[in-house]
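As structure tokens, the structure follows; a few thoughts come after it.
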Amino acid sequence: DALLRNCRYLSSIGMHTAGWSWEDATKFFMENAYLDRLPAEREAKRGTWDPGYLNYTLGKLMIRKLRDDWMER
């Protein structure tokens with residue numbers, strides 16, 4: 004699940020800021036999330052309408068950082 008989430012937000016960033024095509028994102032999922040063509044296409048399509056997918060993972064990472072900082076005190 005974590006690998007797929009990471010690929011989702013990286014592909015979303017790529018499509019919305021770096022000029023990736025839908026096909027680029029599909030290939031990214033196939034190569035990095037090890038998905039077959041059809042599931043990779045579904046994930047790429049999802050990224051075209053959800054530019055904020057990163058928020059889920061970013062929030063999780065921020066909470067972990069806060070926890071780690073607190074534990075160091």
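Heads up: the sequence shown at position 25 corresponds to 28 in my numbering, and the numbers run straight through without jumps.
Virtual Cβ for every residue (Gly too), placed ideally from N, Cα, C.
Of the choices the options, whose alpha-carbon is the least far from that of residue i?
| i | options | result |
| --- | --- | --- |
| SER77 | MET65, LEU41, TRP52 and LEU6 | Given that the chain is displayed from residue 4 to residue 76, the structure contains no residue 77 and the question cannot be resolved. |
| THR1 | MET33, GLY50 and TYR59 | Residue 1 is absent from the model: the chain starts at 4 and stops at 76. |
| ARG45 | ASP72, LYS68, ASP27 and GLY22 | ASP27 |
| ASN35 | ARG67, ASP71, LEU7 and ASP72 | LEU7 |
If you reduce the DSSP assignment to three classes, tell me which class residue i lands in.
| i | result |
| --- | --- |
| ALA47 | helix |
| TYR37 | coil |
| SER14 | helix |
On the CB-based measure, 16 or more other CB atoms within 10 Å of its CB, does residue i come out buried or exposed?
| i | result |
| --- | --- |
| MET74 | exposed |
| TYR37 | exposed |
| LYS69 | Per the sequence shown, the amino acid found at residue 69 is Leu instead of Lys. Flag for LEU69 reads exposed. |
| ALA47 | buried |
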